[in-house]
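Below is one structure, written out as structure tokens, with a few remarks after it.
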Amino acid sequence: MEWVCAEFVGADLSDKRLDRRLIKTAAQLASSPGSPINEACGDWAGTQAAYRLFDNGKASPQAILAPHIQATVKRMLAVGGPVLVMQDTVFFNYGHHPKTKGIGPIGNSNGENERGLIMHNALAFTPAGVPLGLLSQKIWSRREVPEEGHQETIERLQCTPIEEKESSKWLHALRETVALEPRGVQFITVADRESDFFEFLTQATEQRARFLIRARTDRLLVPEESEGFESILDAYASANALGSLTVQIPGNGKRKARTAQVQVRVAPVTIKAPQRRGAAKASGSTEPIRVQVIAATESNPPEGQEAISWVLLTNLPVPDFDSAVRKVQWYARRWGIETWHKVLKSGCKVEDCLLETAKRLTRYLTLFSIIGVRLMHVAYLARVQPDLPATEVFSAQEIEALHVRVHHALPPAKSPSRREAVRMLGSLGGHLGRKCDGEPGMTVIWRGWISLYETVIALRAAREAGMIDSSWGLSDFLCVEPYTAREGEEQVWPRKTIRGFRRSCWISCWRDVIRRRCSIPAVCSGI
Ligand SMILES: [Mn+2]
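See the structure below:
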């Protein structure tokens with residue numbers, strides 16, 4: 000797990016032993032993502048050490064995240080140019096673990112089933128969509144939902160200053176992001192409709208932070224500074240189309256996948272500050288804000304289909320059609336952060352974690368966030384720079400294990416390309432690699448990854464025992480199903496497959512095989 004060491008170098012939990020434990024636990028969890036802690040850690044001692052790490056107040060989320068943020072900044076410097084900083088919120092449900100202390104509601108009620116933790120992130124991507132890492136993260140549990148009527152809710156929200164509202168999460172992440180921007184790199188904060196509130200526009204303007212967000216509502220304008228128009232909708236609807244663009248609309252449960260022709264319009268406008276009441280009035284800014292509206296709208300949707308209408312607000316210059324199209328494409332990249340949420344939930348299965356307090360879960364989620372970024376980083380690098388050698392993103396052991404599993408041989412001296420390596424990983428996860436299948440997606444890569452690590456570990460054990468380079472040989476290694484070496488069985492029967500075993504069972508069987516074969520009882524103590 001070379002990447003774990005590189006990513007966490009400089010970790011400072013103000014205790015050297017704890018620093019080492021962080022790296023060890025990260026390596027164990029990363030090589031078996033999706034498994035419960037006890038399975039990933041292999042034995043009781045390792046499991047207990049991991050529990051102690053997540054229970055230790057010194058292992059604060061900030062301290063766990065700090066070296067990753069530094070590594071992310073380094074990656075951004077290596078890339079240069081614009082970096083898309085996607086902000087978004089994700090909810091983790093722990094309602095099915097009723098013993099968990101310190102969690103709160105994650106829906107609109109105080110219902111038993113909707114309880115958990117909330118996580119808001121700023122995750123950096125290249126304009127081509129490769130995730131680089133986190134710049135800001137906050138995990139918290141919500142207070143109980145007050146019992147009040149609809150009207151009371153509206154009044155409470157109108158009178159509460161922004162600092163006391165949950166939406167201050169956007170401003171907090173914005174401040175943390177701006178403070179990290181290195182020279183030669185331009186951050187652009189990209190966010191969905193939830194971020195469209197006036198204070199976000201004000202604070203971004205004050206901090207000279209570039210933003211590209213989706214508009215939530217129509218807003219009143221200062222007509223003298225908006226070519227006479229009174230609202231955003233009027234302003235863009237009356238603007239001339241700069242050109243049209245064909246976009247792919249992915250299918251979901253309700254709608255079929257289709258292509259759409261959208262007209263692109265741009266309107267520079269000045270937004271009026273909204274009316275405020277109570278405490279919110281004293282603290283809110285009343286300065287109007289200058290933005291560019293980019294509208295990509297469909298004028299003739301197919302019958303029965305909803306017309307596409309994306310209205311974006313930005314403080315970046317949008318001088319022409321090409322530059323408007325680029326902004327629309329950048330906004331479409333926001334999907335990457337949702338993919339990362341999926342990696343954490345369906346890949347790493349973080350909602351199955353049984354740590355019983357919100358504090359422990361928070362540390363655990365922080366660590367898994369970093370592991371999730373890494374897994375996605377590798378998959379997306381292969382799409383963007385397919386022909387570069389895989390050695391920069393895969394370790395020698397990973398490449399070896401890939402070859403052994405896919406080609407039943409040790410790898411040739413020349414490194415495979417990133418694309419080849421990720422395709423091999425995909426094929427382990429069930430990607431068929433036919434022409435019509437395209438490049439493997441995150442889910443199959445994910446499955447491949449989990450399956451690969453069984454082989455990485457077994458190969459390491461076998462090599463330490465001298466099995467790979469000795470007469471016992473790789474071909475024998477490939478033909479052995481570890482379960483054939485159960486208690487009392489002297490013979491190791493050759494079989495054709497090494498798929499389909501639970502990792503812990505597999506490893507203990509391998510330990511057994513190796514002990515019997517080589518009479519080196521201690522050889523596998525490190526795995
Ligand atoms: Mn969102």
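Heads up: the sequence shown begins at 0 in numbering that gives the first Met the number 0, then just goes up one per residue. For glycine and all other residues, C-beta sits at the position ideal for the given N, C-alpha and C. All figures in this text were calculated on a predicted structure; none of them were measured in a lab.
Status (buried if at least 16 other CB within 10 Å, exposed otherwise) for residue i
i, result
"tryptophan 169", "buried"
"valine 479", "At valine 479, the pLDDT of 49 sits below 50, so the modelled position is not reliable; the number obtained from the coordinates is stated separately. Classification for valine 479: buried."
"glutamine 202", "buried"
"threonine 245", "exposed"
"glycine 183", "exposed"
"cysteine 435", "exposed"
"tryptophan 43", "exposed"
"tryptophan 334", "exposed"
"cysteine 352", "buried"
"glutamine 27", "buried"
"histidine 149", "exposed"
"serine 31", "buried"
"threonine 258", "exposed"
"arginine 16", "exposed"
"glycine 428", "buried"
"glycine 487", "Any answer about glycine 487 is weak, because its pLDDT of 42 lies below 50 and its placement is not dependable; what the coordinates show is given next. So glycine 487 ends up on the exposed side."
"threonine 313", "buried"
"alanine 5", "exposed"
"aspartate 319", "exposed"
"tryptophan 492", "The predicted position of tryptophan 492 is uncertain, since its pLDDT is 34 and thus under 50; a value taken from the coordinates is nonetheless stated next. Per the 10 Å Cβ criterion, exposed."
"serine 225", "buried"
Boundaries of the alpha helix (DSSP H) in which residue i is found, first to last residue
i, result
"alanine 400", "395–406"
"arginine 359", "357–383"
"threonine 71", "60–78"
"arginine 51", "43–54"
"threonine 176", "167–179"
"lysine 344", "That residue, lysine 344, is in no alpha helix (DSSP H); it is neither H nor E in DSSP."
Close Cβ partners of residue i (< 6 Å) along its chain, the five nearest in sequence each way excluded
i, result
"arginine 215", "Arg192 and Asp195"
"cysteine 40", "Gln27, Thr46 and Ala49"
"valine 221", "Thr269, Lys271 and Pro287"
"phenylalanine 500", "In this prediction, phenylalanine 500 has a pLDDT of 38, which is less than 50 and means its spatial position is unreliable; nothing more can be read from the coordinates."
C-beta neighbour in chain C for residue i, strict 8 Å
i, result
"serine 298", "Given the protein chain composition of this structure (a single chain), no chain C is represented."
Distance CB(residue i)-CB(residue j) smaller than 8 Å
i, j, result
"arginine 417", "proline 385", "yes"
"phenylalanine 124", "leucine 131", "yes"
"glycine 9", "glutamine 86", "no"
"glutamate 163", "serine 135", "no"
"serine 282", "alanine 272", "no"
"leucine 64", "leucine 133", "yes"
"leucine 200", "valine 290", "yes"
"valine 84", "isoleucine 187", "yes"
"tyrosine 379", "glycine 56", "no"
Coarse secondary structure for residue i, derived from DSSP in three states
i, result
"isoleucine 138", "strand"
"leucine 219", "strand"
"glutamine 247", "strand"
"serine 30", "coil"
"lysine 100", "strand"
"asparagine 37", "helix"
"threonine 454", "helix"
"glutamine 260", "strand"
"aspartate 11", "coil"
"alanine 190", "strand"
"glycine 242", "strand"
"threonine 338", "helix"
"alanine 266", "strand"
"threonine 88", "strand"
"glutamate 486", "A caution first: glutamate 486 carries a pLDDT of 41, below 50, which makes its placement in the model unreliable, though a value can still be read off. The answer is coil: DSSP assigns glutamate 486 none of H, G, I, E or B."
"leucine 17", "helix"
Run of the beta strand (DSSP E) containing residue i, from where it starts to where it stops
i, result
"histidine 119", "114–124"
"valine 129", "Counting along the chain, valine 129 falls outside any beta strand (DSSP E), and DSSP gives it neither H nor E."
"serine 298", "Neither: serine 298 is in no beta strand (DSSP E) and is coded neither H nor E."
"arginine 213", "209–213"
"serine 308", "308–313"
Own chain residues within Cβ distance below 8 Å of residue i, not counting five before or after
i, result
"alanine 279", "Gln157, Cys158, Thr159, Pro160 and Ile161"
"serine 108", "Val144"
"glutamine 304", "Arg254 and Arg257"
"glutamate 419", "Ala389"
"glutamine 396", "Val455, Leu458 and Arg459"
"glutamate 355", "His96, Lys98, Thr99 and Lys100"
"glutamate 111", "Gly94 and Pro97"
Cutoff 7 Å; reference residue i; Cβ partners in own chain excluding five residues on either side
i, result
"glutamate 399", "Leu409, Pro410 and Leu458"
"alanine 238", "Arg264, Val265 and Ala266"
"methionine 75", "Val82, Ala123, Leu131, Pro181 and Val184"
"isoleucine 444", "Ala378, Val421, Leu424, Gly425 and Gly428"
"histidine 67", "Glu6, Gly132, Leu133 and Ile369"
"serine 527", "Here the chain has residues from 0 to 526 only, and residue 527 is not among them."
Residue i: CB within 7 Å of a non-hydrogen atom of ligand 3
i, result
"threonine 88", "Here the bound small molecules are ligand 1; ligand 3 is not part of this structure."
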